[in-house]
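Engineer: In the numbering used here, the protein residues as written are 150 to 452. For each residue, glycine too, the CB sits at the ideal point set by N, CA and C. First the structure, then my questions, so here it is.
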């Protein structure tokens, strides 16, 4: 069944200006005609994904009322609908086998339905056609990460960054992977474990310099400060305050306040922590808020 798109490993579809390099157009087909066909293919892909995502969401609501469609039946319905998109990609690539962006998009189509092997096959073909395409390197890096082949993921993310040094995403992906797999990072880069988090933070800093208004990037960078040894509270607070200033919604801002309150509580700054928590009202943060307040107001010890 179609999975809702993974946050960290969600495939980057294409990067105009990079993906087109090295594309071959079938004999007799004009660039404009091929481009129009490709855009129609992408529109079909988006339309069908939106449809099946809606089916899944609606069925989840119905299932809660015990009137949902049988999961096996829904799975078959989803796969039949998605097969139309797969057939459209195959038909397009039979006519335009050297179309790099179509290879990238077809790989992302497979990635979205958790067929990672088929996704990688398409991205490798794209890389064969355009060895300096950073999108192909990046997507393969994410796929290797999913497979647990962390060294290959490091190598591919780094190469993507080398090929597109002004693209924040590639530094962010590498920074996140390094932070998430410190032992692997230490072995791969031949550094001490104590140097892993600083290396990750430096990459986050570079990514943020390229995309300073990206809220999720700012929160990722702030989260990485939790791994500093000893904990660099001042830097962590500055990072979370930067993220707070970029929060796109009141709910997002409340989530950041939870992190800020936790740090202030750990520093013994109870009044500041309580002030932050007083501005957290969303029920989704209620348990986290209660945990912090409990630490600030421990129950009296029995005599």
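Between the segment 355-373 and the segment 389-405, do three or more beta carbon pairs fall short of 8 Å?
Structural biologist: Flag = yes, the segment 355-373 and the segment 389-405 touch.
Engineer: On the DSSP letters alone, give me the boundaries of the alpha helix (DSSP H) that residue 386 sits inside.
Structural biologist: Counting from 1 along the chain shown, the entry for residue 386 is found at position 237. Start and end: 382-395.
Engineer: By the DSSP assignment, the alpha helix (DSSP H) with residue 305 in it spans what residues?
Structural biologist: Sequence index remark: in the chain shown, residue 305 carries index 156 (1-based). Run containing residue 305: 299-312, per the alpha helix (DSSP H) assignment.
Engineer: Whole angstroms is fine: what's the gap from residue 322's alpha carbon to residue 306's?
Structural biologist: Numbered from its first residue, the chain shown carries residue 322 at position 173. Numbered from its first residue, the chain shown carries residue 306 at position 157. Rounded to the nearest angstrom, the two C-alpha atoms are 7 Å apart.
Engineer: Evaluate the contact criterion for the segment 216-235 versus the segment 186-203: three or more CB pairs, one atom per stretch, below 8 Å.
Structural biologist: Touching, yes, given that three or more Cβ pairs across the two stretches are closer than 8 Å.
Engineer: Compute the distance between the beta-carbons of residue 334 and residue 346, then report whether it is under 7 Å.
Structural biologist: Position 185 of the chain shown, counting from 1, holds the residue named residue 334. Position 197 of the chain shown, counting from 1, holds the residue named residue 346. Result no, Cβ atoms of residue 334 and residue 346 do not sit closer than 7 Å.
Engineer: At what residue ranges does the segment 325-377 contain a whole run of the alpha helix (DSSP H), taking only runs of 4 or more?
Structural biologist: The segment 325-377 contains these whole alpha helix (DSSP H) runs: 331-338, 345-359 and 364-373.
Engineer: With residue 364 and residue 324 assumed to form a contact (beta carbons below 8 Å), what rounded beta-carbon distance in angstroms separates them?
Structural biologist: The count along the chain shown starts at 1 and reaches residue 364 at position 215. The count along the chain shown starts at 1 and reaches residue 324 at position 175. So it is not a contact: roughly 16 Å between Cβ atoms.
Engineer: If we count the other Cβ atoms within 10 Å of its Cβ and call it buried at 16 or more, is residue 339 buried or exposed?
Structural biologist: In the chain shown, counting from the first residue as 1, residue 339 sits at position 190. Answer is exposed; the Cβ neighbour count stays below 16.
Engineer: Tell me the start and end of each unbroken alpha helix (DSSP H) in the segment 207-285 that is at least 4 residues and wholly inside, in chain order.
Structural biologist: Listed in chain order, they are 220-244, 249-261 and 265-278.
Engineer: Our contact map puts residue 388 next to residue 374 with C-beta atoms below 8 Å; I'd like the distance itself, whole angstroms only.
Structural biologist: Residue numbering aside, residue 388 sits at position 239 when the chain shown is read from its first letter. Residue numbering aside, residue 374 sits at position 225 when the chain shown is read from its first letter. The pair is a contact, with the Cβ atoms about 5 Å apart (cut-off 8 Å).
Engineer: Using a Cβ-based criterion (distance less than 6 Å to any ligand heavy atom), does residue 371 qualify as near the ligand ADP?
Structural biologist: No copy of the ligand ADP appears in this structure; indeed no ligand is present at all.
Engineer: Looking at residue 320 and residue 309, is the spacing between their C-beta atoms short of 7 Å?
Structural biologist: By 1-based counting over the chain shown, the position of residue 309 is 160. By 1-based counting over the chain shown, the position of residue 320 is 171. In this structure, residue 320 does not lie closer than 7 Å to residue 309 by Cβ.
Engineer: Using 8 Å as the cut-off, can you tell me whether the segment 240-256 makes contact with the segment 281-300, which would need three or more C-beta pairs spanning the two stretches below that distance?
Structural biologist: The segment 240-256 vs the segment 281-300: in contact.
Engineer: Taking only three categories from DSSP, how would you classify residue 317?
Structural biologist: Stepping through the chain shown from its first residue, residue 317 is reached at position 168. Residue 317 falls in the helix class under three-state DSSP.
Engineer: So, is residue 290 buried or exposed, given that buried needs 16 or more other C-beta atoms within 10 angstroms?
Structural biologist: Taking the first residue of the chain shown as 1, we reach residue 290 at position 141. By the 10 Å Cβ count, residue 290 comes out buried.
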